[in-house]
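**Student:** Numbering (this note's numbering), first residue to last: -11 to 427. Ideal placement from N, C-alpha and C gives every residue a C-beta, glycine not left out.
1) Do residue 84 and residue 303 have their C-beta atoms within less than 7 Å of each other?
2) For the region 242 to 267, list the alpha helix (DSSP H) runs that are entirely contained and at least 4 residues long, ordered along the chain.
3) Note the first and the last residue of the continuous beta strand (DSSP E) segment covering residue 217.
4) Would you mind working out which of 157, 314 and 347 sits nearest residue 145, comparing C-alpha positions?
5) To test your reading of the DSSP string, which unbroken alpha helix (DSSP H) runs of 4 or more residues are found completely within the region 344 to 393?
6) At what residue ranges does the region 27 to 88 contain a whole run of the alpha helix (DSSP H), taking only runs of 4 or more?
7) To the nearest whole angstrom, what separates the beta carbons of residue 433 and residue 124, a pair I think is in contact under 8 Å?
8) Run through the region 181 to 216 for me and flag every whole beta strand (DSSP E) of 3 or more residues, listed as ranges in chain order.
9) In the structure shown, what three-state DSSP assignment does residue 136 receive?
10) Quick test of your reading: residue 416 and residue 116, contact by CB under 8 Å. State the CB separation rounded to the nearest angstrom.
11) Could you work out which residue in 421, 147 and 426 is closest to residue 119 when comparing CA atoms only?
12) Are residue 197 and residue 185 touching if we call contact CB-CB under 7 Å?
13) Helix or strand or just coil, what does DSSP make of residue 407?
14) Alpha carbon to alpha carbon, how far is residue 331 from residue 254?
15) Just checking my contact of residue 132 with residue 272 at CB under 8 Å: how many whole Å lie between their CB atoms?
16) Tell me, please, whether the region 261 to 275 touches the region 155 to 175 by the rule of three or more beta-carbon pairs shorter than 8 Å.
17) How big is the Cα-Cα spacing for residue 248 and residue 127?
18) Under a three-way DSSP split, which group does residue 118 fall into?
19) Suppose the cutoff is 7 Å on Cβ atoms and the five residues either side in sequence are ignored; what does the same chain contact list for residue 394 look like?
20) Which of the three DSSP states, helix, strand or coil, is assigned to residue 291?
21) Just mark residue 37 as buried or exposed, buried being the case when its beta carbon has 16 or more other beta carbons within 10 Å.
22) Report the three-state DSSP secondary structure of residue 152 (helix, strand or coil).
23) Counting Cβ pairs, one atom from each stretch, are 3 or more of them under 8 Å apart for the region 163 to 180 and the region 193 to 207?
24) In angstroms, rounded to a whole number, what distance separates the CA positions of residue 204 and residue 242?
25) Determine, using beta carbons only, whether residue 154 and residue 201 come nearer to each other than 7 Å.
26) With distances taken Cα to Cα, identify the nearest neighbour of residue 12 among 343, 72, 19 and 29.
27) For the beta strand (DSSP E) containing residue 9, list its first residue and its last residue.
28) Of the choices 0, 212, 90 and 69, whose alpha-carbon is the least far from that of residue 231?
29) In the DSSP assignment, the beta strand (DSSP E) including residue 3 goes from what residue to what residue?
30) Tell me which same chain residues have a C-beta within less than 8 Å of the C-beta of residue 111, skipping the five on either side of it?
31) Give me the DSSP bridge partner(s) of residue 109.
32) Using three-state DSSP, classify residue 128 as helix, strand or coil.
33) Skipping 5 residues on each side, what residues in its chain have a beta carbon closer than 8 Å to that of residue 32?
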């Protein structure tokens, strides 16, 4: 039986699965006809037909010529609001956009439609104590600090032009021309004044650099090489290339001496090299503390999910992945908004197939959210104003910010949520079985 609601919409809910419901809806004819009549009048005011002044076309003529199209448009526009109204009337909170499965409408008759919708799972925590997790322990070494100092030296290095062959550690400024298999130039594939530090351990192709050793300014070479197999860019990884290289300049990199004067150039707050080393040590400690905190949280989440098993509706997972993909595509489109060859009509949501890896990621993120929210409700963990004020003061001090400016930040709700999650994970860690691991 349909259940009439105050909204005049009649609804009926059928359970199709654990988290899937079929929602049948009937809307009174007079409500639809009122919306259609208003739309017809709005259309009449804008309509221009030869023989009639604008806005003076008889309603009967508008209805006869354009009535069907107007009705279809009205129904399409009303459906989302009617769906939301019906779901609210039945206390259903869709976890993903409902899927219309049936639509029946004839002029003068009630509008009826049916939709399948996934609802948010109701999570009941069975266990959240004695979770197993690792607590990483690390002591910052002199070697780590030395590596940081060397990176600073590299950043502050100066260069001097040389009149000798290229050697490891030197800089090469060169023009590149991509060649085909026959060694002929490929049109549109010339790159000028490219900068290379020879001997860089992260170079995309050590073979390319090896082939250029000994080249002098003004000299040309053809080099045949392969990119490293472990490059993140799968299109380049292992790919073979042929380039013509014209050396413009060979330069020597000169690293500054590690002394108090160098420390002063790095930052005004440093007067001695010892102060700089201490700063780098503290920076490394904070990085390791962050890594330890992330590992601890990851382990706690993994065991929490293991101990509290539940299924997610497929529509919720797909909707989450689609939203991530739209966000990524939005960033991509923004970065290429001046590219006139970009296909703006491409339907990303339908064409993008989610990988097993993406689905695993989505399931973990969604389960984490639901479990943490269930834990918050069950334990009544909250953030009071005094705690939040202290948190903002600490955050402002850590990042040299004005506390009052931070309070006006559009991210204020995110910061409160961050503190809430800190409290929840601290609560879990206090009750967990932690195993220290030296790293």
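**Tutor:** On the basis of the coordinates in this document:
1) Their beta carbons are under 7 Å apart, which means residue 84 touches residue 303 by this criterion.
2) Whole alpha helix (DSSP H) segments, 4+ residues: 248 to 254.
3) If you look at residue 217, you'll find it isn't in any beta strand (DSSP E); DSSP assigns it neither H nor E.
4) The shortest Cα separation from residue 145 among 157, 314 and 347 belongs to 157.
5) Runs of the alpha helix (DSSP H) lying entirely within the region 344 to 393, each at least 4 residues long, are 344 to 367 and 373 to 386 in chain order.
6) Entirely contained in the region 27 to 88, the alpha helix (DSSP H) runs reaching 4 residues are, in chain order, 47 to 77.
7) Residue coverage of the chain in this structure runs from -11 to 427, which leaves residue 433 outside it and unanswerable.
8) Along the region 181 to 216, the beta strand (DSSP E) occurs as fully enclosed runs of 3 or more residues at 208 to 214, listed in sequence order.
9) If DSSP states are grouped into helix, strand and coil, residue 136 belongs with the helices.
10) Confirmed, about 6 Å.
11) For residue 119, the nearest C-alpha among the options comes from 421.
12) No, the Cβ-Cβ distance between residue 197 and residue 185 is not below 7 Å.
13) Annotated three-state conformation of residue 407 is helix, per DSSP.
14) Interpretation of residue 331 is limited by its pLDDT of 43, a score under 50 that renders its predicted location unreliable; no figure is taken from the coordinates.
15) Approximately 6 Å separates the beta-carbon atoms of residue 132 and residue 272; this is inside 8 Å, confirming the contact.
16) Verdict: no, contact absent.
17) The straight-line gap separating the alpha-carbon atoms of residue 248 and residue 127 is approximately 25 Å.
18) Here residue 118 sits in coil by DSSP.
19) Only 380, 383 and 384 meet the Cβ criterion.
20) Three-state result, residue 291: helix.
21) Here residue 37 is exposed: its Cβ has fewer than 16 other Cβ atoms, across all protein chains shown, within 10 Å.
22) Residue 152: coil per DSSP, three-state reduction.
23) The answer is no - the region 193 to 207 does not touch the region 163 to 180, with fewer than three Cβ pairs under 8 Å.
24) Rounded to the nearest whole angstrom, the CA to CA distance from residue 204 to residue 242 is 19 Å.
25) In contact: residue 154 and residue 201 (Cβ atoms closer than 7 Å).
26) Minimum Cα distance to residue 12 is reached at 72.
27) Here the beta strand (DSSP E) through residue 9 covers 8 to 15.
28) Comparing Cα positions, the closest option is 212.
29) First-last of the beta strand (DSSP E) with residue 3: -2 to 3.
30) Excluding sequence neighbours, residue 111 sits near 296, 298, 358, 359, 361 and 362.
31) Partner(s): none; residue 109 has no beta bridge.
32) Coil.
33) The residues are 43, 45, 47 and 50.
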